[in-house]
Amino acid sequence: MKKALCLLLIGAMLPFCGCSQRIELAFVAVCLGVDAREDGVTLTVKCPDYTGDKQDGEQSGYTTLSVKGADWPRAVAALYAAAPVTPQFSQLREIIIGEGSFLYMPPEKLFACVDQLPGLRVHALVTVCPGSAAGQLESLNPEIGKRLSKYLDISLKHYEQQGVLPATSLSGALRDLGGCWRDPVLAYSGGGEARGYAIGSLGTLLLTPEEVQLYRLVRGESQSYMLASDGRFYGTASRGRARRSVAGNTLILELPVYITYSLYDEPPGPGAALKLQEEIQAFLHRLQSVGCDALGFGCAAVQGFSTLPEWLASGWPQRYAGADIQVVVEGKARQQPLL
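Quick note on the numbering used here: the sequence shown kicks off at 1 and runs consecutively.
Right, here's the structure in full:
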């Protein structure tokens with residue numbers, strides 16, 4: 001009886017043994033680069049090199065493969081033909097888009113094409129870079145440790161905690177673009193600092209680290225924005241969900257926040273909330289200039305329509321770009337706790 005049970009268990013495990021793959025034969029993409037130009041599409045992948053053939057002093061650990069096709073399907077076919085084995089995208093950490101790519105492939109089309117890659121990890125961060133993504137990937141290596149995937153996880157988490165990097169994944173970008181009532185803000189890597197890259201109906205906009213912090217503060221994701229008022233610096237933190245509404249031709253944003261101060265400072269006066277209100281309003285005007293509804297006023301406006309065709313016919317991008325803005329910051333002072 002015991003022998004029969006053992007044989008049964010071994011038989012049940014054998015099918016899984018056949019699915020295993022030697023690690024040195026895997027071609028697992030950690031990063032994917034996309035460059036769309038007038039003459040075609042270039043795809044670049046960065047994969048761990050498990051061969052161990054590198055000599056002392058050489059840059060070891062990762063292989064970069066770059067291919068080009070006349071369009072997206074031909075570029076994907078060229079990638080699969082050039083790879084030594086079938087590429088795997090289940091461990092993808094970052095998708096890097098060359099900044100000029102959106103001139104030749106609209107964002108919704110580009111991201112939809114990327115999403116069609118088999119087994120793709122849709123939680124990979126989407127980043128826009130100056131110049132070409134191929135050049136960025138060629139020079140990308142772990143600065144801490146030896147694993148690029150781990151280094152990217154750590155560095156991206158650090159920038160997120162600082163509030164200077166929009167944490168927009170591929171699935172998040174597709175959701176924003178596909179819903180037609182909110183526009184995405186992507187991460188931007190260039191100039192030696194983390195930034196944001198807003199995409200709107202009228203163009204794109206490079207955001208400063210401070211504007212990214214404002215963007216994340218309104219979304220309730222960041223507590224890192226430093227507010228300068230009356231010669232002092234105060235911290236900020238969300239104390240509830242922002243309320244967005246549309247009244248006629250006016251966009252209304254009501255934001256409840258804590259304005260934090262240290263034990264050794266005076267509590268902030270009414271001017272601090274007014275200063276934050278002005279900074280958010282100026283930021284919203286900047287987003288409006290490229291038709292980017294990154295804060296989701298369209299989510300409030302769409303509730304007045306019963307069907308999607310009615311909403312699409314309403315001309316929301318044009319209404320948004322020309323609307324007035326009213327920001328109300330409901331500030332409440334809070335002393336920072338002692339460590």
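Backbone N, C-alpha and C fix where the C-beta goes; we use that ideal spot for every residue, glycine too.
Buried or exposed by the 16-neighbour rule on C-beta atoms within 10 Å, applied to residue i
i, result
"Gly-315", "exposed"
"Gln-213", "buried"
"Gly-322", "exposed"
"Val-85", "exposed"
"Ile-23", "A caution first: Ile-23 carries a pLDDT of 47, below 50, which makes its placement in the model too unreliable to give a value."
"Lys-275", "buried"
"Thr-42", "buried"
Member of the options whose CA lies at the smallest distance from the CA of residue i
i, options, result
"Ala-247", "Asp-183, Arg-195, Val-327, Leu-65", "Val-327"
"Leu-207", "Leu-295, Gly-196, Gly-172, Glu-266", "Gly-196"
"Ser-229", "Pro-267, Thr-250, Arg-239", "Pro-267"
"Arg-121", "Pro-87, Ser-101, Gly-98", "Pro-87"
"Ala-272", "Gly-304, Val-329, Arg-219", "Val-329"
"Gly-61", "Ile-154, Asp-49, Leu-170, Gly-69", "Asp-49"
"Ala-29", "Phe-233, Leu-65, Gly-40, Glu-310", "Leu-65"
"Leu-137", "Ile-154, Ser-189, Ser-171", "Ser-189"
"Ala-124", "Val-85, Ala-112, Gln-116, Ser-171", "Ser-171"
"Ala-133", "Asp-71, Asp-293, Lys-46", "Lys-46"
"Pro-317", "Gly-220, Gly-200, Leu-156", "Gly-200"
"Ile-280", "Leu-255, Pro-184, Tyr-104, Gly-304", "Leu-255"
"Gly-298", "Leu-92, Phe-27, Pro-184, Leu-276", "Pro-184"
"Ala-198", "Glu-221, Thr-168, Tyr-225", "Thr-168"
"Leu-263", "Leu-274, Tyr-234, Tyr-225, Asn-249", "Tyr-234"
"Ala-112", "Asp-293, Arg-175, Ala-301", "Arg-175"
"Thr-44", "Gly-119, Tyr-225, Gly-135", "Gly-135"
Paired residues, beta bridge with residue i - DSSP
i, result
"Glu-279", "For Glu-279, which the question treats as bridged, DSSP gives no partner whatsoever."
"Glu-94", "Cys-31, Leu-125"
"Thr-64", "Lys-46"
"Val-328", "Glu-254"
"Arg-195", "Tyr-188"
"Thr-204", "Ile-199"
Anticipated Cβ contact below 8 Å, residue i with residue j, distance rounded
i, j, result
"Thr-260", "Thr-236", "7 Å"
"Leu-227", "Ile-325", "At roughly 19 Å, the Cβ-Cβ gap does not stay under 8 Å, so Leu-227 and Ile-325 are not in contact."
"Leu-165", "Ala-187", "5 Å"
"Ala-82", "Gly-69", "In fact, because the Cβ distance is near 11 Å, the residues do not count as touching under 8 Å."
"Cys-31", "Ile-96", "6 Å"
"Leu-253", "Arg-244", "6 Å"
"Glu-211", "Phe-283", "5 Å"
"Lys-332", "Arg-182", "That belief does not hold up - the Cβ atoms of Lys-332 and Arg-182 are roughly 27 Å apart, past 8 Å."
Meets three-Cβ-pair contact criterion under 8 Å: the segment 36 to 45 and the segment 124 to 131: Using a C-beta cut-off of 8 Å, the segment 36 to 45 makes no contact with the segment 124 to 131, since fewer than three inter-stretch Cβ pairs fall below that distance.
Are the segment 330 to 339 and the segment 287 to 297 touching, with three or more C-beta to C-beta distances below 8 Å? The way I'd put it, the segment 330 to 339 doesn't touch the segment 287 to 297; fewer than three beta-carbon pairs between them come closer than 8 Å.
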